[in-house]
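The next block holds one structure in the form of structure tokens; read it before the comments.
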Ligand SMILES: *Cc1c(COP(=O)(O)O)cnc(C)c1O
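Residue numbers (the numbering used here): 3 to 368.
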């Protein structure tokens with residue numbers, strides 16, 4: 003049996019007609035830059051995120067980049083974040099000329115460990131960028147406490163966690179702003195690159211709107227140097243078709259996760275820990291096993307898709323050598339990088355498929 007890590011064709015088959023119709027509408031209108039589809043998506047994503055404002059941008063990466071630029075973070079500044087995340091989190095911090103300052107993760111949730119943030123704050127710190135990894139939000143209360151005490155911005159990298167909650171609060175609504183990615187493999191995925199920043203700060207929203215259009219104030223007059231970070235209306239149109247299914251799809255993932263959790267209980271497979279304060283959307287279902295590479299090999303040989311998010315923590319990446327970190331600096335992130343493995347959890351999985359995944363995992367892992 004073949005069980006891919008993610009099967010976007012299965013999702014597309016159900017909504018193909020609506021997607022094609024939505025694309026046709028955009029083409030017929032010939033409004034090919036921004037326009038009503040982008041505005042409608044912004045309103046709806048702001049609403050489901052309990053935020054007043056949303057600005058559609060070209061990718062999750064650009065959501066982070068435009069947010070940092072709009073908050074005036076740059077050369078000489080420091081931004082505290084996790085080394086156990088997708089590259090873009092720290093990549094954007096470095097791109098604006100600021101210094102990514104890493105602190106280790108909580109080994110249970112894989113999210114930034116708030117207890118370690120305080121020691122990393124210096125006079126240069128401007129922001130904290132927690133990442134809501136795999137669909138579960140970081141422990142936001144202590145993060146917000148530190149931010150308030152030191153007058154820091156909090157930029158939530160919520161690329162993997164749209165609509166997930168922490169103490170009933172939506173991802174992106176707690177910090178200064180939140181950044182979503184609509185990369186096709188995210189829970190709400192476009193038909194290409196796209197992203198969005200949400201915020202309750204009206205001034206910041208207005209600035210990001212300008213930032214995505216080269217910092218233009220009025221036509222051909224520029225208030226500051228921005229970029230072309232605009233959200234494509236064809237992406238917005240496709241996302242508007244998918245948005246009504248987001249909760250149902252996330253619920254499907256949670257059900258699949260529960261199924262795995264039950265089957266793996268009492269075995270050597272460590273299942274995901276979900277903070278009781280959180281509702282996760284399981285962008286990934288990540289298990290932990292000591293002999294991870296052997297298991298991954300076994301699964302691949304048997305037609306089961308799996309992946310390592312992420313095999314090398316960011317403090318050890320070649321491009322960040324200049325930051326001066328070394329092996330052993332963040333032991334929990336380094337250990338997780340050697341032991342985590344994401345299994346197929348997408349909502350269209352059948353019982354047979356799930357059963358097969360469980361059988362093969364247990365055959366190799368026990
Ligand atoms: C996907 C992702 C991003 C970047 O999003 P893109 O849309 O691919 O640019 C940033 N941070 C995290 C944690 C992500 O998972």
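Glycine residues also receive a C-beta, built at the ideal position from the N, C-alpha and C atoms.
The C-beta separation of residue 199 from residue 133 comes to about 15 Å, leaving the pair out of contact by the 8 Å criterion. Cβ-Cβ separation between residue 283 and residue 166: approximately 4 Å, consistent with a contact (criterion under 8 Å). Counting only unbroken stretches of 4 or more residues, the alpha helix (DSSP H) elements lying wholly within the segment 105–190 are 142–152, in sequence order. According to the DSSP secondary-structure assignment, residue 55 is paired through a beta bridge with 201.
With fewer than 16 other Cβ atoms from the protein chains shown falling within 10 Å of its own Cβ, residue 340 counts as exposed. Using a Cβ-Cβ distance cut-off of 8 Å, the segment 14–27 and the segment 139–149 are not in contact, since fewer than three pairs of beta carbons, one from each stretch, lie closer than that value. The C-alpha of residue 34 is placed about 22 Å away from the C-alpha of residue 55. Looking at the backbone, the Cα of residue 48 and that of residue 137 are separated by about 18 Å. Look at the beta carbons and you see the segment 310–318 touching the segment 74–94: at least three pairs across the two are nearer than 8 Å.
DSSP, read as helix, strand or coil, puts residue 91 in helix. Counting the other CB atoms within 10 Å of its CB gives residue 124 a total below 16, which places it among the exposed residues. In the DSSP assignment, no residue is bridged to residue 269.
Residue 275 is classed as exposed because its beta carbon has fewer than 16 other beta carbons within 10 Å across all chains shown.
If you compare the alpha carbons of 12, 119, 46, 63 with that of residue 108, the shortest gap goes to 119.
Here residue 61 carries a coil assignment [DSSP, helix/strand/coil]. Selection around ligand 1 by beta-carbon proximity, strictly under 6 Å to any non-hydrogen atom, yields 61, 62, 63, 87, 88, 90, 91, 133, 159, 161, 162, 183, 185, 195, 197 in chain order. About 13 Å separates the beta carbon of residue 351 from that of residue 308, a gap too long to meet the 8 Å contact definition. Judged by their CB atoms, residue 234 and residue 191 are not nearer to each other than the 9 Å cut-off. Counting only the Cα atoms, residue 218 lies some 21 Å from residue 62.
Contact annotation, residue 311 with residue 288: C-beta distance approximately 7 Å; criterion of less than 8 Å satisfied. With respect to residue 80, residue 103 sits close: the two C-beta atoms are nearer than 9 Å. The way I'd put it, the segment 63–82 does touch the segment 175–191; three or more beta-carbon pairs between them come closer than 8 Å. Taking one beta carbon from each stretch, the segment 350–368 and the segment 257–268 have 3 or more pairs nearer than 8 Å; the two touch. Going by DSSP, residue 31 is part of the alpha helix (DSSP H) stretching over 10–31. The C-beta separation of residue 171 from residue 52 comes to about 7 Å, placing the pair in contact by the 8 Å criterion. Within the same chain, and ignoring the five residues on either side of residue 273 in sequence, the residues whose Cβ sits closer than 7 Å to its Cβ are 262, 263, 266, 289. Scanning the segment 323–368 from its first residue to its last, the whole alpha helix (DSSP H) runs of 4-plus residues come out as 333–341, 353–367. When DSSP reads this structure, residue 220 sits in a beta bridge with 223.
Assigned with DSSP and collapsed to three states, residue 290 falls in strand. The Cβ atoms of residue 349 and residue 32 lie no closer than 9 Å to each other. About 5 Å separates the CB atoms of residue 135 and residue 112; that is less than 8 Å, so the two are in contact. The Cβ-Cβ distance between residue 75 and residue 122 does not fall below 9 Å.
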